[in-house]
Each structure stands twice: as C-alpha cells, then as structure tokens.
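Shown next, in structure tokens, is the structure this report addresses.
Number of protein chains: 2
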Amino acid sequence: MGQEQAFAALAAQLWARFTQSPSDRDLHGRSESHFAPMPPDAVAYPESTHEVAAIARICAAHGVPMIGWGAGTSLEGHALAPQGGLSVDFSRMARVMDVRPEDMLAVVQPGLTREALNTELRATGLFFPVDPGANASLGGMAATRASGTTAVRYGTMRSNVLALEVVLADGRIIRTGTAAPKSSAGYDLTGLFVGAEGTLGLITELTLRLQGQPEAVSAAICAFPDMTSAVETVIATIQSGIPMARIEFVDGESARAFNAYAGRDLPLTPHLLVEFHGSEAGVKEQAERFGDLVADFGGAGFQWAHRSEDRAALWKLRHNAYYAVRALRPEAAPITTDVCVPISNLARAVEETAADIAASGIPGPMLGHVGDGNFHALLLPDPAIPGDWDRAKALAGRMAERALRLGGTVSGEHGIGMGKQGYMQAEHGEAWDVMGQIKRALDPDNLMNPGKLLRQN
Amino acid sequence: MGQEQAFAALAAQLWARFTQSPSDRDLHGRSESHFAPMPPDAVAYPESTHEVAAIARICAAHGVPMIGWGAGTSLEGHALAPQGGLSVDFSRMARVMDVRPEDMLAVVQPGLTREALNTELRATGLFFPVDPGANASLGGMAATRASGTTAVRYGTMRSNVLALEVVLADGRIIRTGTAAPKSSAGYDLTGLFVGAEGTLGLITELTLRLQGQPEAVSAAICAFPDMTSAVETVIATIQSGIPMARIEFVDGESARAFNAYAGRDLPLTPHLLVEFHGSEAGVKEQAERFGDLVADFGGAGFQWAHRSEDRAALWKLRHNAYYAVRALRPEAAPITTDVCVPISNLARAVEETAADIAASGIPGPMLGHVGDGNFHALLLPDPAIPGDWDRAKALAGRMAERALRLGGTVSGEHGIGMGKQGYMQAEHGEAWDVMGQIKRALDPDNLMNPGKLLRQN
Ligand SMILES: Cc1cc2nc3c(=O)[nH]c(=O)nc-3n(C[C@H](O)[C@H](O)[C@H](O)COP(=O)(O)OP(=O)(O)OC[C@H]3O[C@@H](n4cnc5c(N)ncnc54)[C@H](O)[C@@H]3O)c2cc1C
Ligand SMILES: Cc1cc2nc3c(=O)[nH]c(=O)nc-3n(C[C@H](O)[C@H](O)[C@H](O)COP(=O)(O)OP(=O)(O)OC[C@H]3O[C@@H](n4cnc5c(N)ncnc54)[C@H](O)[C@@H]3O)c2cc1C
Numbered sequence: 005m006g007q008e009q010a011f012a013a014l015a016a017q018l019w020a021r022f023t024q025s026p027s028d029r030d031l032h033g034r035s036e037s038h039f040a041p042m043p044p045d046a047v048a049y050p051e052s053t054h055e056v057a058a059i060a061r062i063c064a065a066h067g068v069p070m071i072g073w074g075a076g077t078s079l080e081g082h083a084l085a086p087q088g089g090l091s092v093d094f095s096r097m098a099r100v101m102d103v104r105p106e107d108m109l110a111v112v113q114p115g116l117t118r119e120a121l122n123t124e125l126r127a128t129g130l131f132f133p134v135d136p137g138a139n140a141s142l143g144g145m146a147a148t149r150a151s152g153t154t155a156v157r158y159g160t161m162r163s164n165v166l167a168l169e170v171v172l173a174d175g176r177i178i179r180t181g182t183a184a185p186k187s188s189a190g191y192d193l194t195g196l197f198v199g200a201e202g203t204l205g206l207i208t209e210l211t212l213r214l215q216g217q218p219e220a221v222s223a224a225i226c227a228f229p230d231m232t233s234a235v236e237t238v239i240a241t242i243q244s245g246i247p248m249a250r251i252e253f254v255d256g257e258s259a260r261a262f263n264a265y266a267g268r269d270l271p272l273t274p275h276l277l278v279e280f281h282g283s284e285a286g287v288k289e290q291a292e293r294f295g296d297l298v299a300d301f302g303g304a305g306f307q308w309a310h311r312s313e314d315r316a317a318l319w320k321l322r323h324n325a326y327y328a329v330r331a332l333r334p335e336a337a338p339i340t341t342d343v344c345v346p347i348s349n350l351a352r353a354v355e356e357t358a359a360d361i362a363a364s365g366i367p368g369p370m371l372g373h374v375g376d377g378n379f380h381a382l383l384l385p386d387p388a389i390p391g392d393w394d395r396a397k398a399l400a401g402r403m404a405e406r407a408l409r410l411g412g413t414v415s416g417e418h419g420i421g422m423g424k425q426g427y428m429q430a431e432h433g434e435a436w437d438v439m440g441q442i443k444r445a446l447d448p449d450n451l452m453n454p455g456k457l458l459r460q461n
Numbered sequence: 005m006g007q008e009q010a011f012a013a014l015a016a017q018l019w020a021r022f023t024q025s026p027s028d029r030d031l032h033g034r035s036e037s038h039f040a041p042m043p044p045d046a047v048a049y050p051e052s053t054h055e056v057a058a059i060a061r062i063c064a065a066h067g068v069p070m071i072g073w074g075a076g077t078s079l080e081g082h083a084l085a086p087q088g089g090l091s092v093d094f095s096r097m098a099r100v101m102d103v104r105p106e107d108m109l110a111v112v113q114p115g116l117t118r119e120a121l122n123t124e125l126r127a128t129g130l131f132f133p134v135d136p137g138a139n140a141s142l143g144g145m146a147a148t149r150a151s152g153t154t155a156v157r158y159g160t161m162r163s164n165v166l167a168l169e170v171v172l173a174d175g176r177i178i179r180t181g182t183a184a185p186k187s188s189a190g191y192d193l194t195g196l197f198v199g200a201e202g203t204l205g206l207i208t209e210l211t212l213r214l215q216g217q218p219e220a221v222s223a224a225i226c227a228f229p230d231m232t233s234a235v236e237t238v239i240a241t242i243q244s245g246i247p248m249a250r251i252e253f254v255d256g257e258s259a260r261a262f263n264a265y266a267g268r269d270l271p272l273t274p275h276l277l278v279e280f281h282g283s284e285a286g287v288k289e290q291a292e293r294f295g296d297l298v299a300d301f302g303g304a305g306f307q308w309a310h311r312s313e314d315r316a317a318l319w320k321l322r323h324n325a326y327y328a329v330r331a332l333r334p335e336a337a338p339i340t341t342d343v344c345v346p347i348s349n350l351a352r353a354v355e356e357t358a359a360d361i362a363a364s365g366i367p368g369p370m371l372g373h374v375g376d377g378n379f380h381a382l383l384l385p386d387p388a389i390p391g392d393w394d395r396a397k398a399l400a401g402r403m404a405e406r407a408l409r410l411g412g413t414v415s416g417e418h419g420i421g422m423g424k425q426g427y428m429q430a431e432h433g434e435a436w437d438v439m440g441q442i443k444r445a446l447d448p449d450n451l452m453n454p455g456k457l458l459r460q461n
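Next comes the structure, spelled out in structure tokens:
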C-alpha cells in the first residue's frame, strides 16, 4: 500500500514527530462545529519548511492526502480528513522569525497564534489587527481568509498578508510577494493562497502587516429597542465615514445567552458593541458622532469601557458568543451561518433572516461584524427532534440564497470547507470551475486538503 | 489560414467595428515607451460583454491572439502585439453602469477612464482614488495593478477592485467577487485577474470601491538641501503614522525638467509634493506634524496650495513629469524603471541608485511615490550614442537587482509586460513557473496577450 510506505518514510524522517496514535488522530479529526469526526490516518509535527517539503514529497510519491492543521478552530470542517491521509500540524512551527518595526511588518511561522503574536509585539507599540475571536493560528487564518471584529477598520487577512512561503503539492517551496508595500510584478499568488483553505499548498511562513497601537482607545456597549434601529444605526455610522475600529451587532437572544454564560444583566434586546481608535481628540470626536447617531435611532444605555480591563471584559463577552450561544441548547448540533451583504441591504438581510428564523421554531441567535455587512445566525437544531436538522439546514440554505439575491456572498469570513460547497455553484457559476482548473494545475492528484472548497466529482 | 477565417467571422459579427486599416493597426502597435512598433493584424471595438465573448470564441477557434487595449498608456509594451493577432479596444465600452453611494461603489465598463469616472462622480461626494497620473482606462489599470500618487493612503487597484466580469480565452463569461465588502467563499479570482495584464482573460466590467471626498484638502511643495534629507523626511513621516494622502519625491534633475516644461522656478534640489485629506482640524494637525518633520530634516520653502486650482496645477506638474523629463533629451529612447522597497531601505535604495546613475553618465532623473517605497528613474539613453542604450539597460538591471537585494520588487506599479520579464526569475524563482501553470490552465493555447509577463519558451 502506498500509504504504508509513505508512513514508513515519514516515521524515518520525523521520528516521534510522526504518529498514528489514536489520540492524535482523534484530536485532528474533530472540529468546533457539527461535523462527525473524520480523523486522519496519521499526524505529522514538522519543525521547519524543509521538513514540510520532505513530507509533501513523500506524500506526493505515494498519493497520500495532506491536510494542514493550525488551531483547529475553523467552522466548516476545513481541517477534517474525509479521505484520511496525513494531518500536518503546525504547532511546532510557531515562532516569530522577525519583527521590523520600521517597516511595520512581522515574519512568522504559520502555527503561531494571533494572541501569541500580539503578546510578542506588545513592547514594539505595534499590533496585528485581524481578530477572529478564537485564538486561531496565523496559517489557518490566512488559509480561511479570516477577519472578525476589526476588519471594518483594518481589513481581512487578504489585505494584511504581504508575502508567503508555501510548500506545493509536489514538495516545491515557493515564495510569493515581498516585504515592499506593493508590487505589480506578476500574478498575485499571495492573494491566491490566502483563502485557498490549504487546497493549493501548505503555508510555511507569513509576512504580515502590522499597525501602530492607537494613542487612545475607547469602547462601549449600548442597547436598542429593536433590531431595525440597531442595524439602521450601523448603516448610518458606516455611511457617515466614522472610522470605527469595531462595530458588532448582537440580537436579544444573544444578549440572553451572554447573561447566562457570563453573569451579565443586559436587557434582552439588540445591542451594538463598538470600539474607537485614534488620537485622544479623535476618539472623543468619533464617540460623540456615534453617540448622536445612536440617539437618533433610539438607542440608549451606553456602558463605556475606558479602562483596558473593562475593554478586555467586553470583548471577551463577544468572543465567547459562540460558546455562550451553544450553551443555550447544549444538545444541539450547531450550524454556523456567515453571510455578508452590501451595507445598503444589511437591514433587509437581517430582518428577513430574523423573521425566517422566528417562523422556523429553531433557536438561532444572530450576531455579526455588521460594519462589513457580515452576520451570523447560530442555528441550534436538536438532533433528537425529528425534522429539526433538516429545517435548520433549509433555513441556512435560505440565508445563503438571500445573501446572493441581495448582492452578497455565502461566506463573509469562515470559508467553504465541507459545509458550504453546496452554495458555491449559486455564488460563482462557471467561476467555480475556474477554481477547479487552478486546483488541478497546481495539485493534479488532489492531495492538498481533498474534499474541501472545490466541486467534488 | 485560421486568422483569415477568424477575421471574416469577426467582420460579419462586428461590421465596421472590426478593422484591418493601417491607421488603426498602427495606433494599436505603439506605446509611450521605447518599444519598437508591434502592430496587431486587426482591431476590434466591441460594445458589450457578449461581443467580447463572441470575439474570444472566434479567436479561440482559429488560434488568433487577443490583446486588450485600454488607453495605451502602459509603459512596458503591455498592449503591443509582438505575435500579431487582434487588439480588442475597449473605448466603446466606457460607461458607468451603476453608482451606489450607500455602498460606496461604482460598476463600470473597462474602457472608462479614471478621469471620466471622477467627473461623473463629482455630484455624489465620492471619488475613485487610484491615480496613475496618466488618464488610463480602469480596465487597463486593473490589468496592470496600477497605483500612483494616492496609493499610500487609499491602496492600489488590488484593494480597490471588489468584483470583475471577465471573458476567458475560450469565450466563457465569469463573474468574480460580489458587491459585499469581503468574502471567504473560495479562491480570490478577482485578485488573480487584477495584475494579470490581460494574459488570463479580458475584463468586461469592474465593481470599484469609492471613497468619500474629504471635508478638507491641502497640498504643498517643499524643497530639501539634498536627497538624503528629503528621503529621511519621508521615512519619518510614514513611520510616525501621519495619514498622508500623497507624498511624492522628485530629485533636482526632475525639478529642472519641471521648470523647463512648465515655466516654474523651483530650486534645482530635491522636493517633496504632499497632500493631506481629512477634517479641517485633522488636515491642519497633519500639516503641522509634517511641517515639523520637514524642518527637522532641513527642508524649507513651503509653497502651500490651499485653493483647488493651485492643487490642480501642482498635481498637473507632477503628472506631466514623464513628459517633462523626456523633453530634457527628446532624442532618447526612454527606459522607465519602477522599483519598490521596504520603507526602511528606501534611503539606501535611492542613494545607491543616484550614485550609480551619476557614475553612468546617462541622464536619469528620479522621482516616485516614496510613501510606498516606490520610485522611478527615467533613464534617457540616446540611441545615436554608441553604448548608451546598453549602459542604460545595465543600469536598469542593477536597479532591479538592488531592489531585490533590499527586500523589494522589480515593479511597484507599472507591471512586467515585455520589458521586465528578464527580472522575473530573480524575483520569483519557482513561483514564476507557478504563474505559468495557472496561465496554461486557463489559456492552454496562449491566446490572451501572448509574449507578456510569463516565461517565454
Ligand atoms: C468561537 C469561534 C469564533 C470564531 N470567530 C471567527 C471570526 O470572527 N472571524 C473568522 O474569520 N473566523 C472565526 N472563527 C473561525 C476560525 O477561527 C477561523 O476560520 C480561523 O481562521 C481558523 O484558524 P485555525 O488556525 O484554527 O485553522 P484550522 O481550523 O486549523 O484550519 C483551517 C483551514 O486552514 C488550513 N490550514 C491550517 N494551517 C495551514 C497552513 N499552514 N497552510 C495551509 N493551510 C492551512 C486547514 O487545512 C483548514 O483548511 C471562529 C471560530 C470559533 C471557534
Ligand atoms: C505619463 C505616465 C505616467 C504614468 N504614471 C503611472 C503611475 O503613477 N502609476 C502607475 O501604476 N502607472 C503609471 N503609468 C502607466 C500606465 O498609466 C498604467 O500602466 C495604466 O494602468 C495603463 O492603463 P491603460 O488603460 O493605458 O492600459 P493599456 O496600456 O491600454 O493596457 C495595459 C495592459 O492592460 C491590458 N488591458 C487593457 N484593458 C484590458 C481589459 N479590459 N481586460 C484585460 N486586459 C486589459 C492590456 O492588454 C495591457 O496588457 C503612467 C504612464 C504614463 C504614460
């Protein structure tokens, strides 16, 4: 068997850092989401780019699938092994290789988490802004084109990755991009690997843009009488050009989940959580302009978080939303949705979705990075209730269709993995085939994370 | 002959909008740069996406090269027809299809120029920021991943194109991206076609991000005693986080060219040309902070342009730099260079280049979008002087090597075309082959702008 020979070669190459132990396989076969476990046949823990290239050459020679593993927090079964093969776990490639404050960039290994990077950066006055809440790895974040709470101000991984080192399916090591701020020298391969979900190659190094820590930061939470007023406030805020650092929506059900999970006593109505970055004067001015808009739309009950501990508590609340919401119905098999629409259609998208969820009888708290037009309903079907799962799937499908009808996308930030392939034809049409042509050109044997993102035939 | 059959079919399809007239061919075989004329065998003027698709199907069936033509201002022979074939001129596809102020985006046809777009946008309070100086077409700008004076603040075409419609080599019409601000739904095909120089497909529609017109704008020019002080001012300005809207460097030779071309009397020393965008108070604060830095580095002689006519005159001066510099030696065959380095290496790159040019004896005024680390020397070898051309080529080669050695790129914004293929191996290594693999996957018969960007074999 090809796989057995490959595993023998990998064991010879990696010693104890290659394993077929049931516990390692089990760990790399699970996700945070509803997917049934799909363990790989083995797990490798490379420590260098050259080891990753050696792994790829061995796997390529024997036809063994390679699935990158960062922190395993992706939500669409991205890192599972539906066709078995080798999970390539980057946890031992987690170093900061270089920080260049004058160029506002850092060179890191893919297994480094965003929190670890920001801890290392603290003394430099710089930070890496992309914040998906979960303490994801930077390689995984690049692979899913992650974003999160701060993308409204600082952009997604698309705009914050300057250069990559990638190991291709045949073991070739390439570099894409440079440390210069821009380039017109050829195809944008960096942009191609960002968001490719590990289906085109394994990222072994990233050059990331950093931001200067703002002189002043201020955050707040405020309540709204209803969903429409909260969403209209967001739209007016974005259109008025206030440079929000964060502007997050949570609905009344999510507020209920926060109260239960974190011992808060928020009113059970929609809220916005916001943050301002700038000079002292700038933050003050932004906060005042925002406050005026909130008042115009009937919002109230501002709680300001001026001290950094208070801000940390506020964003912890938000970042734990996924777990807080799941705790509302622990027996549920959660389905995360992740639509994103043009801001002019945000109110309509949110309202129609809320009505659809209410009519379905499935619990589905809603929240999102609404400054980008991106929101989630976390649907909580109970597998023990007949029809619940199918109703939730249909609901998620209607959300995706609605997003497309309103000019948007079926995934604002989580990606496609194994969970959203069913919507790709509707979103992309023949462009999905073009993705397949690129995939076949770079990975003709379909060894890089097979079964994800692309059309399966 | 395949081409004859194709041309008969095209004539039947397009009537008078297909032509083999010598004047049309001649016009589409010339560039602004030093390349010898390379006319296409025919020119088509499509009026719709469906016509472009029909053209592609006909050309594909008969093996005829297709070369997109926007405004013909590209500098590396991008739009020439070294292998003959059909020039597809987009001047009759130049409409604004839709402006959506609430979403801050516009949908345009590729032949529209950036000036025409901004004229149409005037009443909306919005503008399209990317400014390569030349009145290029938006399709051509996307194809070359253009940037220019404002990229330091608003980004390049990479970050300002949200979605595309593209006709592929086989005539398929695809759409990439959506009108939503972000997406993680599959490979970033938009990013792949932006910068592909028409080698992967013909862009037939673009969805562009717009910006709000700033409340206040102020611009200025100031002089420096030497190159080092000017460049150090730029580095300090960028590192201090002042959100410059424009920060342009010109050397003493360029100042001399400006004086001659535009009747100015600038001192014959290096200058910076800058612009600030923001609120009244913000612009004032930015200008003061910048003024302090200028003074620290010995700059002086600020001339402020507060009125919009004065600003227009200032930027006209800059935008005509190419022609002003060429007029220094009209008999020269100009070689444009376009390197871009990390900002920390900018001073070194500029100084080493200046010394190299001085030693060569070739006139080569330098100027650039230095806030991005991007600068040009316009080398002016005289074909009548033996050895001049070769010396200039060698100089350009050393500039490219220097940029790479300093962590940068051989093209910050102009692209590769036929002029910079010789540096691609050094910059990209095997990644250049990966570009070739993608090219072959999407255009196996090499009909889309053959002879450009990719390795020729
Ligand atoms: C509570 C919670 C909140 C979340 N909130 C957000 C949010 O706000 N925004 C957001 O964008 N996402 C969010 N997510 C999803 C998740 O955090 C992101 O998808 C994240 O980018 C995944 O990173 P990871 O390191 O966990 O990747 P993994 O799950 O390990 O892998 C993700 C994908 O990347 C591939 N991969 C991993 N490493 C590499 C590599 N080095 N080279 C190539 N491919 C690789 C894997 O094969 C897989 O396809 C959330 C998740 C949770 C659990
Ligand atoms: C005076 C002067 C100053 C300049 N300054 C700058 C600057 O500051 N920054 C900068 O970036 N550039 C600059 N340039 C270069 C030039 O303006 C840019 O490269 C511009 O993007 C070219 O646009 P165009 O419409 O003229 O394209 P063209 O020259 O017509 O074509 C350029 C390339 O795009 C392809 N193409 C054109 N239309 C399409 C389409 N619809 N679909 C697919 N491919 C297409 C062509 O085949 C060709 O490969 C300058 C040029 C001049 C003459």
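Chains A and B, in that order, give the protein sequences.
FYI, our numbering numbers position 156 of the first sequence as 160, with every residue one higher than the one before it.
FYI, our numbering numbers position 81 of the second sequence as 85, with every residue one higher than the one before it.
Ideal Cβ positions, reconstructed from N, Cα and C, are used throughout, including at glycine.
Only a predicted model underlies this, so the values are computations on that prediction, with no experimental measurement involved.
Within chain B, partners of A:Val345 - CB distance below 7 Å: In the first sequence, counting from the first residue as 1, residue 345 of chain A sits at position 341. Those are Ala184, listed as they occur along chain B.
Where B:Met42 falls: helix, strand or coil (DSSP): Taking the first residue of the second sequence as position 1, residue 42 of chain B is located at position 38. B:Met42: coil per DSSP, three-state reduction.
Spatial distance of B:Pro44 from B:Pro50 (CA atoms): Along the second sequence, read from residue 1 onward, the residue named residue 44 of chain B stands at position 40. Along the second sequence, read from residue 1 onward, the residue named residue 50 of chain B stands at position 46. About 16 Å.
Residue-chain proximity (A:Trp163, chain B), Cβ-Cβ < 7 Å: Here residue 163 of chain A corresponds to residue number 159 of the first sequence, with the count starting at 1. Residue identity check: residue 163 of chain A is Ser in the sequence provided, not Trp. Yes, A:Ser163 counts as interfacial toward chain B.
Within-7 Å CB hit, A:Arg322 to chain B: Taking the first residue of the first sequence as position 1, residue 322 of chain A is located at position 318. No, A:Arg322 does not count as interfacial toward chain B.
B:Val47 beta carbon less than 7 Å from that of B:His66: Within the second sequence, numbered from 1, the residue matching residue 66 of chain B stands at position 62. Within the second sequence, numbered from 1, the residue matching residue 47 of chain B stands at position 43. No, Cβ-Cβ distance for B:His66 and B:Val47 is not below 7 Å.
CB of A:Ile347 within 7 Å of CB of B:Asp102, strictly: Sequence index remark: in the first sequence, residue 347 of chain A carries index 343 (1-based). Sequence index remark: in the second sequence, residue 102 of chain B carries index 98 (1-based). Contact: no.
Minimum Cβ-Cβ distance from A:Gly33 to chain B less than 7 Å: Start at 1 with the first residue of the first sequence, and residue 33 of chain A comes out as number 29. Chain B, which has no Cβ nearer than 7 Å to the Cβ of A:Gly33, makes this no.
A:Ile207: CB within 6 Å of a non-hydrogen atom of ligand 1: If you number the first sequence from 1, residue 207 of chain A lands on position 203. Yes - ligand 1 has a heavy atom lying nearer than 6 Å to the Cβ of A:Ile207.
Heavy atom of ligand 1 within 6 Å of A:Phe253 beta-carbon: Position 249 of the first sequence, counting from 1, holds the residue named residue 253 of chain A. False, no ligand heavy atom lies under 6 Å from that Cβ.
Residues bridged to B:Leu371 (per DSSP): Here residue 371 of chain B refers to the residue found at position 367 when the second sequence is read from its first residue. B:Leu371 pairs with B:Val254 and B:His380.
Validate contact between the region 176–195 of chain A and the region 414–431 of chain B using beta carbons, cut 8 Å, 3 pairs: yes
Residues within the region 431–444 of chain B neighbouring chain C, beta-carbon criterion of under 9 Å: Checking the listed chains, one finds no chain C in this structure; the protein chains it contains are A and B.
Given 8 Å, three or more beta-carbon pairs between the region 191–209 of chain A and the region 141–161 of chain A: yes
Interface flag, A:Glu169 vs chain B, CB-CB below 7 Å: If you number the first sequence from 1, residue 169 of chain A lands on position 165. No, its Cβ sits nowhere closer than 7 Å to a Cβ of chain B.
Chain A within 7 Å of B:Leu214, Cβ atoms only: What you label residue 214 of chain B is simply residue 210 of the second sequence in a count that begins at 1. No, B:Leu214 does not count as interfacial toward chain A.
B:Thr53 - partner residues in DSSP beta bridges: Within the second sequence, numbered from 1, the residue matching residue 53 of chain B stands at position 49. Partner(s): none; B:Thr53 has no beta bridge.
Close Cβ partners of B:Asp269 (< 8 Å) along its chain, the five nearest in sequence each way excluded: The sequence position of residue 269 of chain B within the second sequence is 265, counting from 1. If we look at B:Asp269 and ignore the five residues flanking it on each side, its Cβ neighbours are Asn263.
Unbroken beta strand (DSSP E) run spanning A:Glu169, endpoints: The count along the first sequence starts at 1 and reaches residue 169 of chain A at position 165. Residues Val165 to Val171.
Below-7 Å beta-carbon distance, B:Thr77 vs any chain A residue: For this step, residue 77 of chain B is matched to residue 73 along the second sequence. Judged by the 7 Å Cβ criterion, B:Thr77 is not in contact with chain A.
Any non-hydrogen atom of ligand 1 closer than 6 Å to A:Phe94 Cβ: Locating residue 94 of chain A in the first sequence gives position 90, counting from the first residue. True, at least one ligand heavy atom lies under 6 Å from that Cβ.
Contact set between the region 89–118 of chain A and chain B, restricted to residues whose Cβ is under 9 Å from the partner: Arg104, Pro105, Glu106, Asp107, Met108 and Leu109
Span of the alpha helix (DSSP H) around A:Ile361: Start at 1 with the first residue of the first sequence, and residue 361 of chain A comes out as number 357. Here the alpha helix (DSSP H) through A:Ile361 covers Leu350 to Ser364.
Contact with chain A by B:Ser415, beta-carbon distance below 7 Å: Residue mapping note: residue 415 of chain B aligns to position 411 of the second sequence, counting from 1. So yes, B:Ser415 belongs to the interface.
Cβ shell of B:Ser151 (< 6 Å), same chain only, five flanking positions each side left out: By 1-based counting over the second sequence, the position of residue 151 of chain B is 147. So the qualifying residues of the chain are Thr160 and Glu417.
Closer than 7 Å to chain A by CB, B:Tyr326: Walking along the second sequence from the start, residue 326 of chain B turns up at place 322. Taking Cβ atoms only, chain A never reaches closer than 7 Å to B:Tyr326, which makes this a no.
Coil, strand or helix - B:His323 by DSSP: The residue labelled residue 323 of chain B in the question sits at position 319 within the second sequence. B:His323: helix per DSSP, three-state reduction.
Three-way DSSP call (helix, strand, coil) for B:Arg330 in this model: Here the question's residue 330 of chain B lines up with position 326 in the second sequence. Helix at B:Arg330.
Min CB distance A:Leu196 to chain B below 7 Å: Position 192 of the first sequence, counted from the first residue, corresponds to residue 196 of chain A. Closer than 7 Å to some Cβ of chain B, the Cβ of A:Leu196 qualifies, so yes.
Neighbour flag for B:Tyr191 against chain A, beta carbons, 7 Å: Here residue 191 of chain B refers to the residue found at position 187 of the second sequence. Yes, B:Tyr191 lies at the interface with chain A (some Cβ there is under 7 Å from its Cβ).
B:Thr77 to B:Leu84 span [Cα, whole Å]: Locating residue 77 of chain B in the second sequence gives position 73, counting from the first residue. Locating residue 84 of chain B in the second sequence gives position 80, counting from the first residue. When rounded, the distance between both Cα atoms is 11 Å.
Delimiting residues of the alpha helix (DSSP H) encompassing B:Ile178: Stepping through the second sequence from its first residue, residue 178 of chain B is reached at position 174. First-last for B:Ile178: Ile177 to Thr180, but that is the beta strand (DSSP E), not the alpha helix (DSSP H).
B:Thr154: CB within 6 Å of a non-hydrogen atom of ligand 2: Position 150 of the second sequence, counted from the start, is the residue given in the question as residue 154 of chain B. Outside the cutoff, so no.
DSSP beta-bridge partners of B:Phe280: Translated into positions along the second sequence, residue 280 of chain B becomes position 276. Note: B:Phe280 sits in a beta bridge opposite B:Ser222.
Beta-carbon proximity of B:Ala203 to B:Lys456, cut-off 7 Å: Taking the first residue of the second sequence as 1, we reach residue 203 of chain B at position 199. Taking the first residue of the second sequence as 1, we reach residue 456 of chain B at position 452. Note that residue 203 of chain B is Thr in the sequence shown here, rather than Ala. Contact: yes.
Rounded straight-line distance, which links the Cα of A:Glu119 to that of A:Gln441: Residue numbering aside, residue 441 of chain A sits at position 437 when the first sequence is read from its first letter. Residue numbering aside, residue 119 of chain A sits at position 115 when the first sequence is read from its first letter. C-alpha separation (whole angstroms): 36 Å.
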